[in-house]
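Each residue of the first sequence is one higher than the one before, starting from 3 at the first, in our numbering.
Ideal Cβ placement from N, Cα and C applies to all residues, glycine included.
Treat the numbers as computed from the prediction; the structure is a model and nothing was measured.
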Amino acid sequence: MYFCKKKMNIKQDISNSIKEFASSKHSTELLDNEIQLSPTKAEFDGDTTLVCFPLLRKIKMSPEALANEIGEFLKENNENIADFNVVKGFLNLSYTNEFWSNFLNKNFNNDKYGHFTQTEAQKIVLEYSSPNTNKPLHLGHIRNNLLGYSLSRLLKQYGYEVIRTNLVNDRGIHICKSMLAWIKYGNGETPESANMKGDHLIGKYYVKFDVEYKKEIEELIKKGMSEEEASKQAPLILEAQELLRQWEAGDKETVELWKKMNQWVYDGFDVTYKQLGIEFDKIYYESETYELGRAIVEDAFQKGIFTQREDKSIWCDLTDEGLDEKLLLRSDGTSVYMTQDLGTAKLRAEEFNADKMVYVVGNEQNYHFDVLKLILHKKLGFDWGEGIYHMSYGMVELPSGKMKSREGTVVDADDLMSDMIALAKETTMELGKIEDFESEEAHKLYEMIGLGALKYFILKVDPKKNMMFDPKQSIDFNGNTASFIQYTHARISSILRRAKDENIDFSELKGVSNISKIETEFLNTIFQYPEIVAEAAKNYSPALIANYTYEFAKKFNQFYHQIPILRESEKDLLSFRLKLSSMAAMIIKNGMWILGIDVPEKM
RNA sequence: GGCCCCAUAGUUCAACGGAUAGAACAAAAGUUUCCUAAACUUUAGAUCCAAGUUCGAUUCUUGGUGGGGCUACCA
């Protein structure tokens, strides 16, 4: 339900008037979906526009003539419509000044503007981040975390209950690789002795493993072995596999080491998450969940839903769905990734009684999630399986191509963040506007600006699409950036501060007679905010919020340059503009909050 | 080979099937005795190709071309 009821009402209200027009003047009943009302483009006069073409099928006349007839009718019969104009088949309608004054009076102080409450509460389990504990986080993980976290805020604001989860991939052959390399080449090195973050230290050994492993493969190939054979027979990989067997058998020494090294990684991750501003409600560890799906699979096999091959492996046949057969239990009885995901999905569905389970995972796993949903919903018949949604996002590419941890072509998350903060500091000092700040306050501002720029840079792009990041070009503080939006907020704050200092009371607004073009444009932008939030939530797209907030800030700056605010002497106009400004600050702050970006009072 | 995704100014990104395809950066030119110039105002510049559906296509369909992903008893 909308807090800003007026908004939904006016669209519906106009629609109703148009239906009334059709039935009384043309004896025709129109359907809601035939009445297309959209925001008027800035180059035309008006607040909302009716596209008349779809109506011509039922009312046979020229688009212009029909638009004019409807315009006349609405001006006569709808109290909110002050005027209209027609361009081709487009009917541009303007709202009355009373409408706008009422809107502002009602909402200028409403900090729940753009918030929703759903009539039927929905519970969503949202999974994001889900890192491996064998290397530090990089830019790709940053995109995942920012999307997930922003989505959690967006969905909450849309009125859902959201449980933020993280499934840490803390076991498996890749973890054993870095463990083995540390055993062989580490000489007992620790984060303290190396003066390195734990996750970076482990990452170093993961790379080391790969280097040595490749050397061994080269050797074997020289001796005449095929590449495929060599990669299976290299001593290092055999040792890593042995280490995994020992881990699975619960070998004390191996488990001890595993715990110690994982803890190093967690301590490192904590720092990264904290700097990035990411949080979770519940963390799952794969070492505790990886056996979960087995029972489901065995049960379904007993029921004849899955099939077994001669070598005892168990498969799900999805050929009738246009997909392949999917392995669920290996011939040695061990489970695979899919098995575990079946298990954790069921665990969560039961644990939280969730209506939806959203997974923020890269688009390289599209097939995996298609299969997961299909098996749970169609094959196993779980109703909640239908509520699975893979929030599939595109990769972050570098000019040199894809990032690869093992090859060292990654943009490290910690480095990138500290670079951004340093850059923000440099720029801020150059501009020299915060000389009165204490050093702690100043540092907070640098973080706000530097991290804001990074977050916005990532989140403004449509999540579904791949995006490009050029490490040689630093992220901007000008133009379509977080800094621009933050700056706008600081500007407005400054105005509101002054108004307060001068004891200007703008809570009373009787109504204004002359609202300028730029002001109605800006009012319209404000007016659309709740719809944007709804749209973004339905599409799982923080990018819509980001781009809207930018457009919004830009409109404010244009307004600010053209129209005096505090210098306005006429009382009602002053109140009107201060109310506008106050709402503007609120919306910018809220939009950026959804993105996980803070805004300053001064910068 | 099979399946999926993408293609828009020099570059990075926008555009529920709707008006003259928007921004930003980079380039060129302007605006500070005036509420913060991290701002504002100009100029120049793009829908990969070919058909089709439609009153109307960047958007939908088909076929090409180019790029990416998936296609493991890895996760």
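Here K284 has I165, R166, T167 and N168 as same chain residues with Cβ atoms under 8 angstroms from its own Cβ, once five neighbours each way along the sequence are excluded. Residue pairing for Q38: DSSP places it in a beta bridge opposite V53.
R311 carries a coil assignment under DSSP once its states are collapsed to helix, strand and coil.
Taking 4 residues as the shortest admissible run, the segment 519-553 contains the following complete alpha helix (DSSP H) segments, listed from N- to C-terminal end: 519-540.
Shown here, K225 sits in coil according to DSSP, grouped into three states, outside any helix or strand.
Your pair I16 and L39 checks out as a contact, with CB atoms roughly 6 angstroms apart and the cut at 8 angstroms.
Under the Cβ criterion (8 angstroms, minimum of three pairs), the segment 130-150 does not count as touching the segment 98-110.
No residue range can be given for N134, since it is assigned to no beta strand (DSSP E) and is classified by DSSP as neither H nor E. Cβ-Cβ separation between A69 and F92: approximately 7 angstroms, consistent with a contact (criterion under 8 angstroms). Leaving aside the five residues that flank N134 on each side, the residues in its chain whose CB is nearer than 7 angstroms to its CB run, in chain order, N171 and H176. Between the C-alpha atoms of K27 and V89 there is a straight-line separation of about 22 angstroms.
Taking the C-beta atoms as reference points, R155 is found nearer than 8 angstroms to W595. Taking C-alpha positions only, M181 is separated from E214 by approximately 14 angstroms.
Counting every other CB atom within 10 Å of its CB across the protein chains shown gives N80 a total of 16 or more, marking it as buried. Bounds of any alpha helix (DSSP H) do not take in W317; it lies within the beta strand (DSSP E) bounded by I316 to D319. For K358, the secondary structure class from DSSP, reduced to helix, strand or coil, is strand. DSSP places S26 inside the alpha helix (DSSP H), whose first and last residues are K7 to H28. Cβ contact annotation for E22 (same chain, cutoff 6 angstroms, sequence separation greater than five): none. For a cut-off of 8 angstroms, the C-beta gap from A545 to K462 is around 6 angstroms, short enough to register as a contact. Rounded to whole angstroms, the gap between the alpha carbons of K216 and E231 is 13 angstroms.
When C-alpha distances from I487 are compared across N549, C178 and D322, the shortest belongs to N549. Non-local beta-carbon contacts of Y160 in its own chain, meaning distances under 6 angstroms to residues more than five positions away in sequence, involve F118 and A539 in chain order. Rounded to the nearest whole angstrom, the CA to CA distance from L259 to S476 is 40 angstroms.
Comparing alpha carbon positions, the residue from F439, K466, E442 and D416 closest to L453 is D416.
If you check the CB distance, K199 and S407 do not come in under 8 angstroms.
Going by beta carbons, K358 and Q124 fall inside the 8 angstroms limit. In the three-state scheme derived from DSSP, where H, G and I count as helix and E and B as strand, R145 is classed as helix. Shortest Cα-Cα distance from K519 to any of L149, F508 and F558 involves F558. The beta-carbon distance between G345 and G295, rounded to whole angstroms, is 3 angstroms. This is short enough to meet the 8 angstroms contact definition. Leaving aside the five residues that flank I185 on each side, the residues in its chain whose CB is nearer than 8 angstroms to its CB run, in chain order, L259.
With fewer than 16 other beta carbons inside 10 angstroms of its own, G403 counts as exposed. For the pair G396 and M450, the CB atoms are not nearer than the 8 angstroms cut-off.
For E244 and L157, the gap between their C-alpha atoms comes out near 45 angstroms. Beta-bridge partners assigned by DSSP to N94: T51 and N87.
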